[in-house]
Structure formats: C-alpha cells, structure tokens
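In this note's numbering, the protein residues as written are 22 to 514.
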C-alpha cells in the first residue's frame, strides 16, 4: 500500500509489490511425469465434490474467468495431472487453500511421481494447520527429488510450527552447513534458537541471513528484537531502522516453485503496481488513474482505496478522498492504514480534532503502529494537550526505537519544557541520517544546546545545519540559520 503521507514516503503493505517474473524456472521443474490411472481404472474419474460448488461471484471478474477456464480444462482432461495442478496453483495464489488441497490431491493421484504436486500439497496442508499431513507430504516429495533445498527449508519450517523443535533445529543446521548461501535456512535457525532462548546463537544466525540478503526485512526485524534481548540498544535500533527502510523492497525469493505459483495472479495487481511506481515518480494524477483502473478490475481491492485517500488529499480533491475513505471502511473497518491516511488528510485540512480521532482509531486497531502514535501525539500537541502528546511520542518509540519523527517530536517537546539533557539525547539520534530533514533536525538540536547553556555546541550545530541547507538549496532555511549564527555571535560579544 503506497501511503504518500508516510514520513519515509513508503508503502506499508508488503505483499502486493513485485512484478510477475516467476516463470524463469518453470520448465526446469517439470520432471517426466508418467500419468498413472491405477487409481481410476476403466471409468472416468469422478469430479471432486468441492470443485462442484465454486462460487465464482465471490471473485473479481478477471479472477473468476481465470478459474472458470482452468476448471473447464479439468473437465475436458479428467486424467491430466497438469490441468488439476494448474487449477490448484490458481486457487493457492488467491489463498483458497482447501480448493487447492483438493486439486493437488487429484494431481498427485494422477501423477504420483510428480515432485511438484506432492510438494505443493504439503505446503497447503501446512497453511491449513494440518502439520502431520504437511510434514508427511513434503518428506515424500523429498524422496522424489532430494536435492531441492527450498523443500528442506519448508520441511524445517513445518517441523518448527508443529512443535518439533529438535528435528527442525537439526535440519536447519544441516541446511546452513550444506547451503551456506541460503538466507532462509539461517533465518529459520535463528527462529529456533530464539524460541529456545539462545539469543547469542540467534543473533549469529540472523546476522548471516542479513549478510546473504541485505534487504531481508524479516531477518533484520528478528535481529533487532534479539539485540534488545541482550540489551544492545544501539544495534537493536540499527536493525529495526534497517527493517523500516527495506520492508517494502523485493524480498529474497529462494523457492522457484513457489514463484511459479505467484505468476498465476491475475487480479488488479498490474494496475496497482503501475500506480505505485507513478507515486514514487511524483505523478499523482496518473497514479490516481492507475489505482482507479485497479478498482475497476477488483472493486474489493481495499488497498487501492487507501492509497487514493492519500493521493486525492495531495491533489486537493477532498470529496474524492472522503469517498475512498468511506469505501475502504465499508470493505474492511479494520484496515488501519485507511484510518491513518484519513487522519493525515484531516490534519492537513486543519481539522486537528477529527485527525486525532482518526489516529486514535488507527492506534486502537494496531497498538504498535509507531507512525500513527507519532501523528496522534502531534495532533494532540496542536490542540493543546502536550502531556498526552508526549505519552504517544514515547509509545511510538517503544514500538520502534528508531522512529525518527517520534525522536524529533519528543525532543522538541522536551526542549519546550526545559528538559534539555533528555531532549538532546533524542535529537542526536535524528541527525545520524542524511536527507532533506537533517538541516531541521540539526537546527532543533542547536536550539536545545543553546537553551541548555552550551553556546559552543549551539554554534557548531547551527553551522552544520546551514551548510546542509545550502547544499540542498533550501534558501529560506539557510537564511534563517545565518540569522541564528549572527545572533549567537552578537551574544558572545
């Protein structure tokens, strides 16, 4: 979900991003599958009961047509494992795991030596919570092709989720040794060690995963939490901050067969991806058109409504922003980003009380939503409730110790109330990042030092702020900072 109101101008929802480029290994994983009709001698095999009641109207039109065509193929080719397997992959990509289970089961019966259908069946059994069956099928798949490492990773995951920690740990350790470049194996080993309370070992495993894949968001997040457990606050902040920066980037994909499944997605994603790219380019009108096109394909795509709240707010089209907010809430009252974007829209419209209410709803939906906590604090401060505002700034930093906006706002609040030492400790964190916000962070840090009576550091940080403002062509701020330097120099005489 692209939220252009976010401080880092990033999206929150991760699963929707990414182009469909998963076909590259498809042909490599079509082993010789001699269809076996031993299970269905003579007469045509009966149609699976579950497939007889598919509710096409529950899907968006493009998806319903995709399912209908694949379904027709299984009717015309009732002994074709490939036809049933394809239908299973389509159901899987849309999260219809029980239907996928039925299709993969039929495909496996028709082609019992197929690695793919047995492996896919094991995966969906796991997502359905049938861990015993899931483990059994993935183990069976590995007897067909023992060399497919992602299947061993999945087996270790299933063992972990089923509570067999010992077997899971043994398999992850074996994978990490034999496949040292497999980030998911190191990450899984870190999870096992974390569950056992072995934080030193977990940190070692998570670090390896992060070195292999620098943008591995889940590994950075887990590593940050592990560092918290050993009281290494600096490294915890570093990796939680890294998580915030990379969580919306493409994540490591080490399972070619699962990538093939993802390639069957036929919803409004292409329009959505185009809209997301246009937002990043600053082409908001074109982005709005792309998201509207996505909604024509799938009117239930709540994430597009959420983005349009933000975009129409930026384009100063309040009626459209409000309509998409209402549509989003009607589709899913629990969509936290809808409340967040609506709060930002209201805040920029000067409706601070209403904005605070929207941010509060977002925090109620997700008590660890640092962005909403920080914005709620700012709205409360703007309407004259500084003590409550400070509480939410601190809550934001509990949720995410590296949240720069919360560090800045809390530092500003503490400076205003004369608690300069604590204010400076937070503001020093804000100037560790170099971007267009750094001059303002340096300016506030200089003010805190000046009010604390440290004129030398006040001058130093004011100069640093001015130099960066000049380099960024922020002429008005640079002139203001020059005035601050002149004033500080006059005071020294």
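For each residue, glycine too, the CB sits at the ideal point set by N, CA and C. Owing to the predicted nature of the structure, the values given are computational and were not obtained by experimental measurement.
Indicate the three-state DSSP secondary structure (helix, strand or coil) for residue i in the structure shown.
i	result
residue 103	helix
residue 253	coil
residue 493	coil
residue 169	coil
residue 95	helix
residue 286	coil
residue 117	coil
residue 436	helix
residue 110	helix
residue 344	helix
residue 321	coil
residue 273	coil
residue 370	coil
residue 210	helix
residue 362	helix
residue 217	coil
residue 380	helix
residue 338	coil
residue 499	helix
residue 205	helix
residue 375	helix
residue 407	helix
residue 82	helix
residue 154	helix
residue 328	helix
residue 512	helix
residue 75	coil
residue 132	coil
residue 183	coil
In chain order, what residues of the same chain lie with their CB nearer than 7 Å to the CB of residue i, ignoring the 5 residues before and after it?
i	result
residue 490	460, 498, 499, 502
residue 308	296, 299, 300, 332
residue 108	91, 92, 95, 124
residue 383	357, 360, 361, 364, 390, 393
residue 441	469, 472, 473
residue 189	177, 180, 181, 213
residue 170	196, 200, 203
residue 121	109, 112, 113, 145
residue 350	359
residue 216	186
For residue i, which of the options has the nearest alpha-carbon?
i	options	result
residue 400	388, 136, 374, 412	374
residue 223	194, 199, 235	194
residue 363	352, 339, 385	339
residue 388	173, 355, 448	355
residue 319	352, 330, 464, 304	352
residue 236	479, 419, 205, 167	205
residue 81	317, 215, 141, 282	317
residue 510	336, 495, 217, 478	478
residue 165	264, 136, 370, 230	136
residue 430	163, 448, 169, 421	448
residue 242	420, 76, 395	420
residue 266	481, 97, 120, 240	240
residue 463	483, 217, 105, 495	483
residue 481	414, 426, 505	505
residue 368	345, 228, 335, 347	335
Residues in the same chain with beta-carbon distance under 6 Å from residue i, minus the five sequence neighbours each way, listed in chain order, please.
i	result
residue 250	220
residue 410	398, 401, 402
residue 155	143, 146, 147, 179
residue 105	95, 124, 127, 128
residue 435	443, 444
residue 228	none
Along the alpha helix (DSSP H) that carries residue i, what are the first and last residues, could you check?
i	result
residue 234	Residue 234 -> no alpha helix (DSSP H), and no H or E assigned at all.
residue 147	136-148
residue 356	No alpha helix (DSSP H) contains residue 356, which DSSP labels as neither H nor E.
residue 515	Summary: the structure shown does not reach residue 515, with the chain confined to residues 22 through 514, and so no result is reported for it.
residue 197	186-199
In chain order, what residues of the same chain lie with their CB nearer than 8 Å to the CB of residue i, ignoring the 5 residues before and after it?
i	result
residue 293	37, 311, 312, 315, 322, 324, 325
residue 493	457, 460
residue 78	85
residue 153	183
residue 62	For residue 62, the pLDDT reaches just 46, beneath the cut-off of 50, and the residue's location in the model is therefore unreliable, leaving the point undetermined.
residue 157	143
Would you say the beta carbon of residue i comes nearer than 7 Å to a heavy atom of the ligand SAM?
i	result
residue 162	Ligands displayed in this structure: none; no statement on the ligand SAM is therefore possible.
Would you say residue i faces chain C, with C-beta separation under 8 Å as the test?
i	result
residue 488	Of the protein chains in the structure, only one exists, and it is not chain C.
> What are the complete alpha helix (DSSP H) segments, minimum 4 residues, inside the stretch 289-317?
Replying inline: 290-301
> Whole alpha helix (DSSP H) runs in the stretch 417-488 with 4 or more residues, listed along the chain?
Replying inline: 425-437, 441-451, 459-472
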